[in-house]
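Taking it in order: structure first as structure tokens, then the write-up.
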Amino acid sequence: MSRKRKSFSLVLTTLLATTLVVSACGSKADNGTNTAGSGGEGASNEPTAELIWYTIGVPQKDLALVNEEINKYTKEKINATVDIKMIDFGDYTQKMQVMAASGEPMDIMFTASWAFDYVQNARKGAFMEIDELLEKHGQGIKETLDPAFLEGSKVDGHNYGVPANKELPAQEVWRFNDELVKKYNLDIKSVRSMESLEPLLKTIKENEPDVTPLALVKDFMPLMPFDYVIEKLPMAVYLDTKDYKVVNLFETPELKSALDTMRKFYQAGYISPEVATTTSVEDLYKSGKWFTDRASTQPLAENLWSASYGYPVTTTPAGDAYTFNWSVMGSMQAISANSEHPEKAMEFLNLLNTDPVLRNMVDSGIEGTHYEKIGDNKMKNLPDAKNYDMPTFSLGNLLITYLNENDPDNKWELFKEFNESGIDAPLLGFNFDATKVSKEIAAVQNVKEEYWSSLMTGTVDPATYIAKANEKFKAAGLDTVIAEVQSQLDAWRAANNK
Amino acid sequence: MKMVGGFLKDVVKNKVFLLMVLPGALWFLFFSYIPMFGTVIAFKEYRFSRDGFWASIVNSDWVGFDNFKFLFSTNDAYIITRNTLLYNIAFIVLGLVLSVVMAVVLSELVNKKLAKVYQTGMFLPYFLSWVIVGYFAFSFLSSQRGMLNQVFAYFGWEPVQWYSDPKFWPYILILVILWKAVGYNSVVYLASIMGIDKSLYEAAMIDGANKWQQIRSITIPMLSPIITIMTLLAVGKIFYADFGLFYQVPRDSGTLYSVTNVIDTYVYRGLKTTGEIGMSTAAGLYQSLVGFILVITSNAIVRKYNKDGALF
Chain G
3 MSRKRKSFSL VLTTLLATTL VVSACGSKAD NGTNTAGSGG EGASNEPTAE
53 LIWYTIGVPQ KDLALVNEEI NKYTKEKINA TVDIKMIDFG DYTQKMQVMA
103 ASGEPMDIMF TASWAFDYVQ NARKGAFMEI DELLEKHGQG IKETLDPAFL
153 EGSKVDGHNY GVPANKELPA QEVWRFNDEL VKKYNLDIKS VRSMESLEPL
203 LKTIKENEPD VTPLALVKDF MPLMPFDYVI EKLPMAVYLD TKDYKVVNLF
253 ETPELKSALD TMRKFYQAGY ISPEVATTTS VEDLYKSGKW FTDRASTQPL
303 AENLWSASYG YPVTTTPAGD AYTFNWSVMG SMQAISANSE HPEKAMEFLN
353 LLNTDPVLRN MVDSGIEGTH YEKIGDNKMK NLPDAKNYDM PTFSLGNLLI
403 TYLNENDPDN KWELFKEFNE SGIDAPLLGF NFDATKVSKE IAAVQNVKEE
453 YWSSLMTGTV DPATYIAKAN EKFKAAGLDT VIAEVQSQLD AWRAANNK
Chain C
13 MKMVGGFLKD VVKNKVFLLM VLPGALWFLF FSYIPMFGTV IAFKEYRFSR
63 DGFWASIVNS DWVGFDNFKF LFSTNDAYII TRNTLLYNIA FIVLGLVLSV
113 VMAVVLSELV NKKLAKVYQT GMFLPYFLSW VIVGYFAFSF LSSQRGMLNQ
163 VFAYFGWEPV QWYSDPKFWP YILILVILWK AVGYNSVVYL ASIMGIDKSL
213 YEAAMIDGAN KWQQIRSITI PMLSPIITIM TLLAVGKIFY ADFGLFYQVP
263 RDSGTLYSVT NVIDTYVYRG LKTTGEIGMS TAAGLYQSLV GFILVITSNA
313 IVRKYNKDGA LF
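Chains as they are written, first to last, in the working numbering: chain G, 3 to 500; chain C, 13 to 324.
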């Protein structure tokens, strides 16, 4: 029984040690196959740079096929090839953390505020600082990107990643299963706050016993008027703050009232009793057995959702559009600190963000195999598209991708309008440097893991648990962290005249 | 020179045995001894360096015992140490008793074919992955569709929110691990029962001893050396919790942490959320150190009372 047990930490250390050995051999093997696959044509004095690119998403069946096409194109354009490696969403952060720490050879990697944390890893030295590279090889990027992206993704005054040109602000919407809305003739336009949702949930609960009225997962968090210093940690400033005072979320009346509502919903059965351990409600979406949930939107998102579920989805806003740090850093590609070809990597990223041919090849695959063009910048998926279905937002400039069949022609105009409509959140541009309080943060994170999901989903009674959690957060050193945030924030305000 | 010669002669003489030990020795070298150097990370603030893993270790700053602080800043260190120890003690004691009982029962079954069927049936859960066992448990405990709550509903009882009520979990966890491990362990005891000299039983029968007396006076005493060794080995790992059991079976439910958080899950969550390798290594080192002390002490105690039973 116990002989087979190994502590996780030991396995990890082992892994770190062995990857060193393995990676040394692995890179040699990689070089071999790459030259075999793409060598020959395109005589040039300079050897072709072979870039290794880790990006997020479900590994695709036809990736190797498309990758070969991409390499033909990039070899001709910038004398470089890429080896695209995909890691699934759920594993990406952990695997990248281990690989970066062990010095696995790589050139380009996906990073964001929500996966393989951009700011933290930039500070730890995982990424190369790209200010100069952008100047030299990334002029195209600088021209196409909304300047707010590069400005907002600076860490301590430097850029470490190329953000994807996409929607800039974040706006939360309530999504509704339109079939149920129509069936019961519900008025969704009057919905905005969580309380205003209640009569609708009640109707559904009473008439549709099989349907989960409010489909949530354990990461859910009620919408509250805060800009958080670190996502999902209880330190924030009010969105309309004037004095930039950092508050402890657990001591605000907003949290109490939001959680009281959640608790009410939970007890009324509007939320699944398993919500605190539920990581995905994909099955509900597939079967249509849900009524509403909350999501971040972008222009024409209803079309995307409806197309992907196969039945109509409608939305109504749950809040205003704000530009947060985390929404600016929603999708980025960074150059690894140990990259052997940083200049070529930047050239590649520049091409990816400005050249529609490459961008669409990476996104949609091979013309004639995975998609066909039905207009200047419009395309239609072919049946084989299911073998190459990439997460579009993660791969670079969205605004040069081809439109889908039923997209309106002014789609990208709408994106630009949406980007301009966003209100700057108070902490936009401020990145907390956690090095001085990293021990407290680690302890605080552990407390968060214990209480967060069950509180935020209404699984436990907020009347007793808010106080319990707050007490433990304080014991873990939350006040020290908040004091440190406040002093850094004050310094930042003074420097930026906020 | 003479010593080297003697050593070489020894090697040649025992070459077959040494060859047999080699794979195991290599395994330990690569997966246990070499990674031990990684322990220094516990005393460093790990930062990436361009030149790879070793350079990162060398270039990171020394921070002394800073990495250990987060363990002890809340009462978490107490809770995870307590949980790890108490659960393992329960597993060792109950596992030992049940396994020996099972082994004795199996060995006494007259129908040997049936005994094999039982043995295989009990053995099977050992090969299931914890993820699957976690879903087995979920099919019983799910509050909406779980079997238990449906039975409760049939009798008109209140359904129980199993995954948010900590008070049941010590029993659930112990039940699950016993179900999974007893079959496997009983095989070890069964094998040594098979090795007991049959003439002892024959002599006892001639003297008029009944089954119960035979078990008490022959089987159990003959088993005691192997029981001591198995228990000692288990005590050596008393500080290592079964990660799968404590992570997968309670479905990582936050409200249950007070009774399900053990050192291994704590380290894992710490690394997952913060990515601070130094702190995770620190927690791992704390675990190894206390485990080491426990093995040495328990071995010393055994040696005092029963010199042959001790491991070293």
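Don't be surprised by glycine CBs; every beta carbon is placed ideally from N, CA and C.
Only a predicted model underlies this, so the values are computations on that prediction, with no experimental measurement involved.
Judged by DSSP secondary structure, Tyr186 of chain G falls outside any alpha helix (DSSP H); it is assigned neither H nor E. Sorting G:Val249, G:Leu351, G:Lys207 by C-alpha distance to the C-alpha of Lys291 of chain G places G:Lys207 at the top.
For Met101 of chain G, the enclosing alpha helix (DSSP H) has its first and last residue at 91 to 103. Annotation note: the segment 374 to 439 of chain G contains the following uninterrupted alpha helix (DSSP H) runs of length 4 or greater, listed N- to C-terminal: 413 to 423. Among the CB atoms of chain C, one or more fall inside 8 Å of the CB of Gln99 of chain G.
Membership of Val33 of chain C in the alpha helix (DSSP H) is indicated by the continuous run 27 to 40.
Restricted to the segment 149 to 208 of chain G, the alpha helix (DSSP H) segments that are unbroken, complete and at least 4 residues in length are 149 to 154, 180 to 185, listed in chain order.
Using a Cβ distance threshold of 8 Å, Pro171 of chain C and Phe164 of chain C count as a contacting pair.
Between Tyr453 of chain G and chain C, the shortest Cβ-Cβ separation is below 8 Å.
Membership of Val283 of chain G in any alpha helix (DSSP H) is not indicated, and neither H nor E is assigned to it by DSSP. Looking at the backbone, the Cα of Ser176 of chain C and that of Met363 of chain G are separated by about 48 Å. A Cβ-Cβ separation of about 6 Å places Ala238 of chain G in contact with Leu251 of chain G under the 8 Å criterion.
Counting along the chain, Gln335 of chain G sits inside the beta strand (DSSP E) bounded by residues 334 to 337. Your pair Ser341 of chain G and Met130 of chain G checks out as a contact, with CB atoms roughly 6 Å apart and the cut at 8 Å. Taking CB atoms only, Gln96 of chain G has a neighbour in chain C less than 8 Å away.
Those residues of the segment 149 to 181 of chain G placed with their C-beta closer than 7 Å to a C-beta in chain C do not exist. Closest by C-alpha distance to Asn383 of chain G, out of G:Glu369, G:Lys346, G:Gly424, is G:Glu369. For Leu268 of chain C, same chain residues with a beta-carbon under 6 Å away, outside a window of 5 residues either side, are Pro178, Trp181, Pro262 in chain order. Taking all protein chains shown into account, Pro464 of chain G has 16 or more neighbouring C-beta atoms within 10 Å of its C-beta and is therefore buried. Residue pairing for Trp292 of chain G: DSSP places it in a beta bridge opposite G:Thr214. Straight across, the Cα-Cα distance linking Asn69 of chain G with Ser338 of chain G is about 20 Å. Leu257 of chain C and Ser456 of chain G have their alpha carbons spaced roughly 21 Å apart. At a cut-off of 8 Å between C-beta atoms, Glu276 of chain G counts as an interface residue with respect to chain C. In terms of Cβ geometry, Tyr75 of chain G and Leu360 of chain G form a close pair [threshold 8 Å].
If you look at Ile92 of chain C, you'll find it in the alpha helix (DSSP H) that goes 88 to 120. Nearest C-alpha to Phe49 of chain C among C:Ala37, C:Val16, C:Phe65: C:Phe65. Taking one beta carbon from each stretch, the segment 195 to 209 of chain G and the segment 151 to 160 of chain G have fewer than 3 pairs nearer than 8 Å; the two do not touch. For the pair Pro165 of chain G and Leu182 of chain G, the CB atoms are not nearer than the 8 Å cut-off. Under the 8 Å criterion on CB atoms, Ile184 of chain C is classed as non-interfacial with respect to chain G.
Per DSSP, the continuous beta strand (DSSP E) segment holding Glu52 of chain G begins and ends at 51 to 58. Among the CB atoms of chain G, one or more fall inside 8 Å of the CB of Gly282 of chain C. Secondary structure of Tyr252 of chain C (DSSP, three-state): coil. Looking at the backbone, the Cα of Asp262 of chain G and that of Leu98 of chain C are separated by about 37 Å. Per DSSP, Met223 of chain G lies in no beta strand (DSSP E) and is assigned neither H nor E. With distances taken between CA atoms, Ile425 of chain G lies nearest to G:Gln173 out of G:Gln173, G:Ala445, G:Asn399, G:Ala469.
Within the segment 165 to 180 of chain C, contact with chain G at the beta-carbon level (separation under 7 Å) is assigned to Gln173, Tyr175, Ser176.
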